[in-house]
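Engineer:
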Amino acid sequence: MKYSISRFIVSNIIKNIFPRKGTEYFVLVGFILVLLIILMAIFAPFIAPYDPIKKVGEILERPSGKFLLGTDGLGRDVLSRIIFGARTAVLVTFLAVSISLSFGVLLGLLSGYTGGKFDTVFSLVMDAMYSFPGLILAIVLAAMLGPGILNTAMAIAVIYTPTYFRMVRGLVLSLKESLFVEAARAIGAKDRTIVFKYIFPNVISSIPIVLSLNAADAVLTLAALSFLGLGLPAPTPDWGFDLRAGHAYLASRIWWPSTFPGLMIVILTLGFSLLGEGLNEILNPELRR
Amino acid sequence: MASLRVYVIRRVLVAIPMIFILLGIVFFIMRVVGDPVSAILGGHAPQEQIERIKEQLGLNKPILFQFFDYLGQLLRGDLGRSLIWGQRPVISEIWDHFPATLELSICAFLVSILVGIFTGIIAATNFGRFFDHAFRLYGIITYGLFIPWIGIMLQLIFGVYLGVLPIGGRIGTLMEPETITGLYVLDSLLTLNMESFISAIRHLILPSLTLGIYLSGIYTRLTRTHLIEVLNKDFIKSAWARGLPKRTVIFKHALKNAFIPILTMMGLQFALLLVGAVLTEITFSWPGMGTLLFERITYRDFTTVQGIIVFFALIVITVSLLVDVIYAYIDPRIRY
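Those sequence lines, one after another, are chains A and B. For the first sequence, the positions run 1 to 289 when my numbering is used. For the second sequence, the positions run 290 to 625 when my numbering is used.
(1) Please name the residue or residues paired with A:Thr71 in a DSSP beta bridge.
(2) Using a Cβ-Cβ distance cut-off of 8 Å, determine whether B:Tyr359 contacts chain A.
(3) Near B:Pro388, which residues of its chain fall below 6 Å by C-beta distance, leaving aside the five closest residues on each side in sequence?
(4) Quick one: give me the first and last residue of the alpha helix (DSSP H) that A:Ile47 is part of.
(5) Chain A partners of B:Tyr427, CB-CB under 9 Å?
(6) If we ignore side chains and look at the alpha-carbon of each, how far apart do A:Leu287 and B:Leu561 end up?
(7) Please work out which residues of its chain come closer than 8 Å, Cβ to Cβ, to A:Lys2, disregarding the five sequence neighbours upstream and downstream, and give them in chain order.
(8) With which residues is B:Arg370 paired in a DSSP beta bridge?
(9) What do you reckon, are the CB atoms on B:Pro325 and B:Leu346 nearer than 8 Å?
(10) At a CB-CB cut-off below 9 Å, which residues of chain A make contact with B:Gln355?
(11) Between which residues of its own chain and B:Asn626 is the CB-CB distance below 6 Å, once the five residues before and five after are set aside?
(12) Give the single residue among A:Arg244, A:Lys190, A:Tyr130, A:Val210 whose Cα lies nearest to the Cα of B:Gln558.
(13) Compile a chain-ordered list of the residues in the stretch 444-456 of chain B whose CB is closer than 9 Å to at least one CB of chain A.
(14) At what residue ranges does the stretch 450-494 of chain B contain a whole run of the alpha helix (DSSP H), taking only runs of 4 or more?
(15) Below 8 Å, how does it come out for the stretch 219-235 of chain A and the stretch 200-211 of chain A: are there three or more Cβ pairs, yes or no?
(16) Give the list of continuous alpha helix (DSSP H) stretches no shorter than 4 residues that lie fully inside the stretch 542-588 of chain B.
(17) Using a Cβ-Cβ distance cut-off of 8 Å, determine whether B:Ile305 contacts chain A.
(18) By how many angstroms is the C-alpha of B:Thr514 removed from the C-alpha of A:Arg289?
(19) At a CB-CB cut-off below 7 Å, which residues of chain B make contact with A:Phe200?
(20) List, in order along the chain, the chain B residues whose C-beta lies closer than 8 Å to that of A:Arg166?
(21) Excluding the 5 residues flanking A:Thr236 on each side, which residues of the same chain have their C-beta closer than 7 Å to its C-beta?
(22) I need the boundaries of the alpha helix (DSSP H) containing B:Met442, first residue and last residue.
(23) Apart from the five residues just before and just after A:Thr161, which ones in its own chain have a Cβ nearer than 6 Å to its Cβ?
(24) Give a yes or no on whether 8 Å exceeds the smallest Cβ distance from A:Val140 to chain B.
(25) Give me the residue from B:Ile430, B:Phe356, B:Leu348 with the minimum Cα distance to A:Phe26.
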């Protein structure tokens, strides 16, 4: 009896880990990719075979048993730099997404709820920022702010704030007319209570999808900024920057210092976008076709 | 047609505050977020040099005056002068580089549309089968690709290992055709310069593929979704029932009806096309606006950077205006 119960539990777990629908595989694969890279970032010092910012071999050594992914133009181990680069990517993406999320949601709540001139001005500014090519805005901001983790994250955060703002404001506008909000107002609830206790919880559910798609985009934007040398200062392991540095050796058939950092960018972005796409289809079944 | 005219006028009027807000944002970023003087001089400069630069850029006036000076200059079409290399007017720097960006963007746009619609059709007509899943995945993967990385992979395969295509630049040395439009492919055709024409095309292939592949995924997905929807409609069933050939049903009946959302996306993708062009240009040393922006940021040429951003802002507004007007022309329901 005991045996069959445990088998039932195990088979149920297996069923839940390995879903049958294609879309659920998207979420699973996306989740695993993102999780792996986050773990890589956390445990970087234990996984990486060498110090990522020290010269440990000859310059531009081919991938071999000693250096699995070869060495770069300064004789540093490409594998170790990739592993430590995950830290930069994860940290900056996390900061950028958190900053834009907090500002976007807060401003969206306030602007949508108060309405009037305040709302008009904010919506116009946010729309203008939203219509502007994001990366170009980030490039100029990063150039004006100067290098550094927080500055880079801010430059990236600015271009995603309007996304949250527009989404939240739209929801607030429709929620604010709904019956339960009116009821709350009727029993004398304060504005702050209405916004944070009644409206906010109804807005949260639509955030995860936008969040993971934005994270995918933020990884690309960070990569682009560091590719242009506007990211973190030099010896910090950074995929975009390493890609750029490796690009110089391409014509002499030295492909490893640029190919691998680029591959990592693609994997992390892919992870986030699979996660977002999958969540989108699961949480919005009417969109599924 | 009168209502179309009214709509266009109204739409232009809506664009005006947008222009001022965007110009305000650019001004804010350049003067308030960043300090142009330290951006130019790099922080540690003697006091008199700082004063001289401030005088030269009009930065010693009150901030509101500066803003109106800047707007006034822009209204006269004056973007100021570059701070380096002979101090050319920024506007002529832009006109020197813009045709390259335009040429690349047009080709990449064509590649993305062709690849996207083609793969979308294959996915939709194989609904639920292998090619459908494969191209759905293609749609998601391309969205996550990093443009310089696609470029580097293509350079590696076609430029370095196969050696069939050049990996950078816009045309072979000393092969530039006479300037008529600034688009090398068009100019070399107009002047019947076959050698330049072939060189220009060969240089264009990899950059446009890079940018085109990146942008194509969204069209794959859109074409697939809408084509599947249309293919389930009664008029398509009746077309099949009448025994029309597959090609006629799909291209003439179904695709035509699935096209409007694809058209919408073309307008929406424009900003992404510009952003993508910047990265593609830098990867392929393509002498366009992106390369100019990158180069001038590196040299701290503050006025040129500001001019380029203003130019980008104006282009984006103009294009969205044009797209809306084209819609209103095609679809009378939009004119409300």
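C-beta atoms are modelled at their ideal positions from N, C-alpha and C, and glycine is treated no differently.
Structural biologist: Concretely, from the data shown:
(1) A:Asp77
(2) no
(3) Gly471, Leu472
(4) 44-47
(5) By Cβ distance, chain A contributes nothing, its closest Cβ being about 12 Å from B:Tyr427, past 9 Å.
(6) Here A:Leu287 scores only 48 on pLDDT, less than 50, and its place in the model is too uncertain to base an answer on.
(7) Because A:Lys2 sits at a pLDDT of 49, beneath the cut-off of 50, its placement in the model cannot be relied upon, and the following sentence gives the value as read from the coordinates. So no residue of the chain qualifies.
(8) B:Pro378
(9) yes
(10) Result: empty, since nearest Cβ-Cβ is about 16 Å, beyond 9 Å.
(11) An answer regarding residue 626 of chain B cannot be provided, because it is not within the stretch 290 to 625 covered by chain B.
(12) A:Tyr130
(13) Gln444, Leu445, Gly448, Val449, Tyr450, Ile456
(14) 473-479
(15) no
(16) 545-557, 559-572, 578-587
(17) no
(18) In this predicted model, A:Arg289 has a pLDDT of only 43, less than 50, meaning its place in the structure is not dependable enough to derive any value.
(19) What A:Phe200 touches in chain B: nothing, since even the nearest Cβ is about 28 Å away.
(20) Chain B residues near A:Arg166: none, gap ~14 Å exceeds 8 Å.
(21) Thr88
(22) 436-443
(23) Ser100, Phe103, Gly104
(24) yes
(25) B:Ile430
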